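Colleague: Taken in order, these protein sequences are the chains called A and B.
Following the numbering used here, the numbering of the first sequence begins with 1 at its first residue and continues without gaps.
Following the numbering used here, the numbering of the second sequence begins with 1001 at its first residue and continues without gaps.
Number of protein chains: 2
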Amino acid sequence: MNNFIFNTPTKVYFGKDSEKNLGKLIKEYGFKKVLFHYGKNSIKKIGLYDFVIKELNDNEIDFIELGGVEANPKLSLVEQGVALAKKEQIDFILAVGGGSVIDSAKSIAKGYYTDESPWLFNTGERKAEKSLPVGVILTIAAAGSEMSNSCVITNDYLNDKRGFSSELNRPLFAICNPEFTYSVSKYQTACGIVDIMMHTLERVLSYDNGYNPLTDNLAFGLIKAVLETGKTAYMNPTDYDARATLMWASSLSHNGLTACGRDYIMPVHQMEHALSGIYDSISHGAGLAILWPSWAAKAASINPLPFAKLGYYSFGISKNMSIEDASKTAIQMMKNYFKEIGMPTTLTEVNVTKESLEEIANLYTFNRTRTIDDIFLLDYDSCLEILNDCYE
Amino acid sequence: MNNFIFNTPTKVYFGKDSEKNLGKLIKEYGFKKVLFHYGKNSIKKIGLYDFVIKELNDNEIDFIELGGVEANPKLSLVEQGVALAKKEQIDFILAVGGGSVIDSAKSIAKGYYTDESPWLFNTGERKAEKSLPVGVILTIAAAGSEMSNSCVITNDYLNDKRGFSSELNRPLFAICNPEFTYSVSKYQTACGIVDIMMHTLERVLSYDNGYNPLTDNLAFGLIKAVLETGKTAYMNPTDYDARATLMWASSLSHNGLTACGRDYIMPVHQMEHALSGIYDSISHGAGLAILWPSWAAKAASINPLPFAKLGYYSFGISKNMSIEDASKTAIQMMKNYFKEIGMPTTLTEVNVTKESLEEIANLYTFNRTRTIDDIFLLDYDSCLEILNDCYE
Chain A
1 MNNFIFNTPT KVYFGKDSEK NLGKLIKEYG FKKVLFHYGK NSIKKIGLYD
51 FVIKELNDNE IDFIELGGVE ANPKLSLVEQ GVALAKKEQI DFILAVGGGS
101 VIDSAKSIAK GYYTDESPWL FNTGERKAEK SLPVGVILTI AAAGSEMSNS
151 CVITNDYLND KRGFSSELNR PLFAICNPEF TYSVSKYQTA CGIVDIMMHT
201 LERVLSYDNG YNPLTDNLAF GLIKAVLETG KTAYMNPTDY DARATLMWAS
251 SLSHNGLTAC GRDYIMPVHQ MEHALSGIYD SISHGAGLAI LWPSWAAKAA
301 SINPLPFAKL GYYSFGISKN MSIEDASKTA IQMMKNYFKE IGMPTTLTEV
351 NVTKESLEEI ANLYTFNRTR TIDDIFLLDY DSCLEILNDC YE
Chain B
1001 MNNFIFNTPT KVYFGKDSEK NLGKLIKEYG FKKVLFHYGK NSIKKIGLYD
1051 FVIKELNDNE IDFIELGGVE ANPKLSLVEQ GVALAKKEQI DFILAVGGGS
1101 VIDSAKSIAK GYYTDESPWL FNTGERKAEK SLPVGVILTI AAAGSEMSNS
1151 CVITNDYLND KRGFSSELNR PLFAICNPEF TYSVSKYQTA CGIVDIMMHT
1201 LERVLSYDNG YNPLTDNLAF GLIKAVLETG KTAYMNPTDY DARATLMWAS
1251 SLSHNGLTAC GRDYIMPVHQ MEHALSGIYD SISHGAGLAI LWPSWAAKAA
1301 SINPLPFAKL GYYSFGISKN MSIEDASKTA IQMMKNYFKE IGMPTTLTEV
1351 NVTKESLEEI ANLYTFNRTR TIDDIFLLDY DSCLEILNDC YE
């Protein structure tokens, strides 16, 4: 087991009516002026927008609003947010929405303390030293940004999408009421399910094969629970326990728990950022569902053991099956699962032509300047090979 | 899934050489005067005492010492600590040791802010409102106090042992180097293994049977990893990965993770506090190993399902076995496991005579004023029944 630091300071208020803690919490922390940050109409449709406004007013908390966050949150809106936050001297950002809203808030929170572009944190040219506190009311189980140290932004000037990690990115608190996810569409529910699983899969299916039964059991046990409840939530969107399991799994899958003592790189996420960075219409989860099976097939041909464990522990494949067969079966079962919840598993389905694959591989490799050495070396050529395998 | 609050602010530095963060950490937090709190000779034997002294001196950190914490940490030493802390105006307590030292530090940290006895927090007569920060260097995998909200103290004036929970009890940071546990005796290693498993078992084997596959999988997966690595560490005390797994499991088993969304009471812990409150020579883990099988047999006769899940998930019992049979088999397998790691499983082995059982039942029920309504009503009579069942 490798050394690690475990840091999950985000206080989670989970369950029905948990949003009723909002005013009390903000007052207890003593914040003076709040930036209420959100997306488009979804929080209005479920009444959450009105609730937040009333809660802030009832508690006499001064605030300003900035809505309009899109999927693959854009740098241009972040810049607006930073300017607004500075002008209004806000001291706390309330992100109400899913991963895109939370990541946008995290970026504004860092940008507040610099005169440069917050994009420089995403490129790695600058290291974040300070952040405004961010609180969350979560409305979709997917990205895990509500507890994670990650912040992914799309630079809409450069058509580039990049994430950066910093302990300063972890929210102060997260209010998670599964009922707020009842109205998430079947498609977006499925995208969330893939994203949740992938955060753990990309941690546990790593080049690092060190003996680590505790982290293995937690990781594969989480995936097993998501497989089970994901299908339920997909079929019956108002099943509370299924929605609750997905919501809690989203947080645990990306807060660090499922990789304690194990090194990992998340190569498929990096490829997917390139894919949806160019094709804005491709949801992150859908992109992962397309790329993962091809990546996994290549990785398992080199090191089948972690994929076999996925089969034994998460899918319940008999341990009598050989490691090699179990690894192939697990990958096929995962691909089948993606299909069953309506996810695309080929680039054909999302209208990505073979002509554009080089552009994606270029973006992934930052114009052939980056490679990722994981189970296999993921460079320009092997990225292109995997992309080409995503057709049937 | 029930509502819950998840709060694990303790920052964990885990692994080899992690203690080298100590001086830097204390300086980053800006503490001015440290109370270095520890037990008896064990930290001196492993060189940790000398390391801490040198580290504090090298970093020019002002400190005073208070050693002498015993197993089942005593109120009288806590009172000494409070007086010393007040006199020396300390602003941080460094607990170097296991659960007893950490709990003693937690109690001093609360006592610092009151003129009354800190015992009143344990009896529930007072609610803790403020605490000095506590940092930990952990030397035994067992109590989980390094991340927990729990503080168990023995009142050596009244011969009474009680715990109390408060979010203020969670340490600021925990430094966990598994190598420090290499020298823990086989017996104490086994006591720790029982304690770790019991923290999760008492959460998951609860009256609350709500559908909660994520928490189930995490809980039973943790126990499975402890069963596997516990025996390894017991046989080979310097097996790093086994020691590391136990150490990390000790933290996760008692920080709240394995009960998210599930209500629980921990009745066996309450009985054990009475047992070792009277018989100071009985280690907490040994007391749990004695009491649990009898409690579990009675509980499983009323509700076998959670015990069957323990069998299916943690022990790998075939799902073809009926719930009732699997529950009985799991309890027997756990009892056998306790024996294999040298734990007593009867009161005979620890020289508790039947004549003293009423005294234990009296202490457990606070003289017949308390009952615990869990899977069954644990009152004076049923406590006595379970104690009587702990003979063979």
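The beta-carbon is built from N, C-alpha and C at its ideal position, and this holds for glycine as well.
Nothing here was measured: the structure is a model prediction, and the numbers come from that model.
Should the region 249-265 of chain A be regarded as contacting the region 205-224 of chain A, the criterion being three or more beta carbon pairs within less than 8 Å?
Modeller: Yes: the two stretches touch, three or more of their Cβ pairs being nearer than 8 Å.
Colleague: How long is the line joining the alpha carbons of SER283 (chain A) and ILE341 (chain A), rounded to whole angstroms?
Modeller: Mapped onto the first sequence, residue 283 (chain A) falls at position 283. Mapped onto the first sequence, residue 341 (chain A) falls at position 341. The straight-line gap from Cα to Cα measures roughly 14 Å.
Colleague: Considering only residues of the same chain and omitting the five flanking positions on each side of ASP1023 (chain B), which have a CB-CB separation below 6 Å?
Modeller: Taking the first residue of the second sequence as 1, we reach residue 1023 (chain B) at position 23. Looking at the sequence provided, one finds Gly at residue 1023 (chain B) rather than Asp. Result list for GLY1023 (chain B): GLU1055, ASN1059, in chain order.
Colleague: Compare the C-beta of GLY1007 (chain B) against all C-beta atoms of chain A and say whether one is closer than 8 Å.
Modeller: Within the second sequence, residue 1007 (chain B) is the residue found at index 7, counting from 1. Going by the sequence as given, residue 1007 (chain B) is Asn instead of Gly. ASN1007 (chain B) counts as touching chain A.
Colleague: Once the 5 residues before and after LYS1203 (chain B) are set aside, which same chain residues still bring their CB inside 7 Å of it?
Modeller: In the second sequence, the residue the question calls residue 1203 (chain B) occupies position 203. Inspection of the sequence shows that residue 1203 (chain B) is occupied by Arg rather than by Lys. Correct list, in chain order: ALA1219, THR1258, ALA1259, ARG1262, TYR1264.
Colleague: Spell out whether any CB of chain A is found under 8 Å from the CB atom of THR1229 (chain B).
Modeller: What you label residue 1229 (chain B) is simply residue 229 of the second sequence in a count that begins at 1. Yes - at least one Cβ of chain A is within 8 Å of the one on THR1229 (chain B).
Colleague: Buried or exposed: where does GLN270 (chain A) fall if 16 or more other Cβ atoms within 10 Å of its Cβ makes it buried?
Modeller: Within the first sequence, residue 270 (chain A) is the residue found at index 270, counting from 1. GLN270 (chain A) should be labelled buried.
Colleague: Are there 16 or more other CB atoms within 10 angstroms of the CB of LYS1354 (chain B), so buried, or fewer, so exposed?
Modeller: Residue mapping note: residue 1354 (chain B) aligns to position 354 of the second sequence, counting from 1. Exposed is the call here.
Colleague: Here's a check: name, in chain order, each residue in its chain whose Cβ is nearer than 7 Å to the Cβ of ASN1212 (chain B), leaving out the five neighbours to either side.
Modeller: Your numbering for residue 1212 (chain B) matches position 212 in the second sequence. Cβ within range, chain order: MET1001, GLY1261, ARG1262.
Colleague: 8 Å is my cut-off, CB to CB: does LEU1218 (chain B) come that close to chain A?
Modeller: The residue labelled residue 1218 (chain B) in the question sits at position 218 within the second sequence. Taking Cβ atoms only, chain A reaches closer than 8 Å to LEU1218 (chain B), which makes this a yes.
Colleague: In whole angstroms, what is the alpha-carbon distance linking HIS199 (chain A) and SER253 (chain A)?
Modeller: Mapped onto the first sequence, residue 199 (chain A) falls at position 199. Mapped onto the first sequence, residue 253 (chain A) falls at position 253. Each residue's Cα considered, the two are about 6 Å apart.
Colleague: Strictly below 7 Å CB to CB, what residues from chain A border ASN1003 (chain B)?
Modeller: Walking along the second sequence from the start, residue 1003 (chain B) turns up at place 3. By Cβ distance, chain A contributes PHE14, GLY15, LYS16, SER18.
Colleague: Between the C-alpha atoms of PRO1009 (chain B) and ASN169 (chain A), what's the straight-line distance to the nearest angstrom?
Modeller: Taking the second sequence and counting its residues from 1, the one referred to as residue 1009 (chain B) is at position 9. Taking the first sequence and counting its residues from 1, the one referred to as residue 169 (chain A) is at position 169. So the alpha carbons of these two residues sit roughly 15 Å apart.
Colleague: With 7 Å as the C-beta to C-beta threshold (strictly closer), list the residues of the region 1224-1254 of chain B near chain A in chain order.
Modeller: Listed by position along the chain: LYS1224, ALA1225, GLU1228, THR1229, ASP1241, ALA1244, THR1245, TRP1248, ALA1249.
Colleague: With a threshold of 7 Å, establish whether the CB of LEU35 (chain A) neighbours any heavy atom of the ligand NAD.
Modeller: What this structure holds is no ligand at all, so the ligand NAD is not there to describe.
Colleague: Which whole runs of the alpha helix (DSSP H) in the region 1208-1280 of chain B are 4 residues long or more, in chain order?
Modeller: Within the region 1208-1280 of chain B, the complete alpha helix (DSSP H) runs of at least 4 residues are 1213-1235, 1240-1254, 1267-1278.
Colleague: Measuring only between beta-carbons, confirm whether TYR1182 (chain B) sits less than 8 Å from chain A.
Modeller: Position 182 of the second sequence, counted from the start, is the residue given in the question as residue 1182 (chain B). By this cut-off, TYR1182 (chain B) is not an interface position.
Colleague: Got a sec, what are the start and stop residues for the beta strand (DSSP E) LEU1035 (chain B) sits in?
Modeller: For the purposes of this step, residue 1035 (chain B) is taken as residue 35 along the second sequence, with counting starting at 1. Its beta strand (DSSP E) spans residues 1033-1038.
Colleague: Which partner residues does GLY1163 (chain B) have in the DSSP bridge list?
Modeller: As a first step, residue 1163 (chain B) must be located in the second sequence, where it is residue number 163. B:VAL1152, per the DSSP bridge assignment.
Colleague: Are at least three pairs of beta-carbons, each pair with one atom in the region 1175-1194 of chain B and one in the region 1285-1292 of chain B, less than 8 Å apart?
Modeller: Yes: the two stretches touch, three or more of their Cβ pairs being nearer than 8 Å.
Colleague: Using 8 Å as the threshold, is the region 97-110 of chain A in touch with the region 135-144 of chain A, meaning 3 or more CB pairs across them?
Modeller: Verdict: yes, contact present.
Colleague: Mapping the DSSP letters down to three states, classify ASN7 (chain A) as helix, strand or coil.
Modeller: For this step, residue 7 (chain A) is matched to residue 7 along the first sequence. Strand, per DSSP.
Colleague: Just the C-alpha distance for GLY1135 (chain B) and TYR1279 (chain B), rounded to the nearest angstrom, thanks.
Modeller: As a first step, residue 1135 (chain B) is located in the second sequence; it is residue number 135 there, counting from the start. As a first step, residue 1279 (chain B) is located in the second sequence; it is residue number 279 there, counting from the start. Whole-angstrom Cα-Cα distance: 30 Å.
Colleague: Counting only beta-carbon separations shorter than 8 Å, does PRO213 (chain A) have a partner in chain B?
Modeller: Here residue 213 (chain A) refers to the residue found at position 213 when the first sequence is read from its first residue. It does; some Cβ of chain B falls within 8 Å.
Colleague: Counting only beta-carbon atoms, is LEU1222 (chain B) nearer than 8 Å to chain A?
Modeller: As a first step, residue 1222 (chain B) is located in the second sequence; it is residue number 222 there, counting from the start. Yes, its Cβ sits closer than 8 Å to a Cβ of chain A.
Colleague: Which full runs of the alpha helix (DSSP H) of 4+ residues lie inside the region 41-65 of chain A, going along the chain?
Modeller: Here the runs fully enclosed are 42-45, 48-58.
Colleague: Using DSSP's beta-bridge definition, name the partner residues of GLY1285 (chain B).
Modeller: Mapped onto the second sequence, residue 1285 (chain B) falls at position 285. BP columns for GLY1285 (chain B) are empty, so no partner.
Colleague: Would you tell me roughly how many angstroms separate the C-alpha atoms of ASP1115 (chain B) and THR1123 (chain B), rounded to the nearest one?
Modeller: Counting from one through the second sequence, the residue named residue 1115 (chain B) turns up at place 115. Counting from one through the second sequence, the residue named residue 1123 (chain B) turns up at place 123. Their backbone Cα atoms lie some 16 Å apart in a straight line.
Colleague: On the CB-based measure, 16 or more other CB atoms within 10 Å of its CB, does TYR157 (chain A) come out buried or exposed?
Modeller: Looking up residue 157 (chain A) in the first sequence gives position 157. Flag for TYR157 (chain A) reads exposed.
Colleague: Express the C-alpha separation of LYS1335 (chain B) and PHE1315 (chain B) in angstroms, rounding to a whole number.
Modeller: In the second sequence, counting from the first residue as 1, residue 1315 (chain B) sits at position 315. In the second sequence, counting from the first residue as 1, residue 1335 (chain B) sits at position 335. Going from the Cα of PHE1315 (chain B) to the Cα of LYS1335 (chain B) covers about 12 Å.
Colleague: Is the shortest distance between the beta-carbon of CYS1260 (chain B) and the beta-carbons of chain C less than 8 Å?
Modeller: Here the protein chains are A and B, and chain C is not one of them.
Colleague: For ILE1375 (chain B) and MET1333 (chain B), what's the separation of their Cα atoms in angstroms?
Modeller: Your numbering for residue 1375 (chain B) matches position 375 in the second sequence. Your numbering for residue 1333 (chain B) matches position 333 in the second sequence. Their backbone Cα atoms lie some 21 Å apart in a straight line.
Colleague: Three or more C-beta pairs under 8 Å: does that hold for the region 1356-1363 of chain B against the region 1381-1388 of chain B?
Modeller: These segments touch.
Colleague: May I ask which residues mark the beginning and end of the beta strand (DSSP E) holding ILE175 (chain A)?
Modeller: Locating residue 175 (chain A) in the first sequence gives position 175, where the first residue counts as 1. Taken as a continuous stretch (DSSP letters only), the beta strand (DSSP E) holding ILE175 (chain A) covers 173-176.
Colleague: Of all the CB atoms in chain A, is at least one closer than 8 Å to the CB of LYS1339 (chain B)?
Modeller: Counting from one through the second sequence, the residue named residue 1339 (chain B) turns up at place 339. No, because no Cβ of chain A sits closer than 8 Å to the Cβ of LYS1339 (chain B).
Colleague: Against chain A, with Cβ distances strictly below 8 Å, would LYS1011 (chain B) count as a contact?
Modeller: As a working mapping, residue 1011 (chain B) is identified with position 11 in the second sequence. For LYS1011 (chain B), the answer is yes, since a Cβ of chain A falls inside 8 Å of its Cβ.
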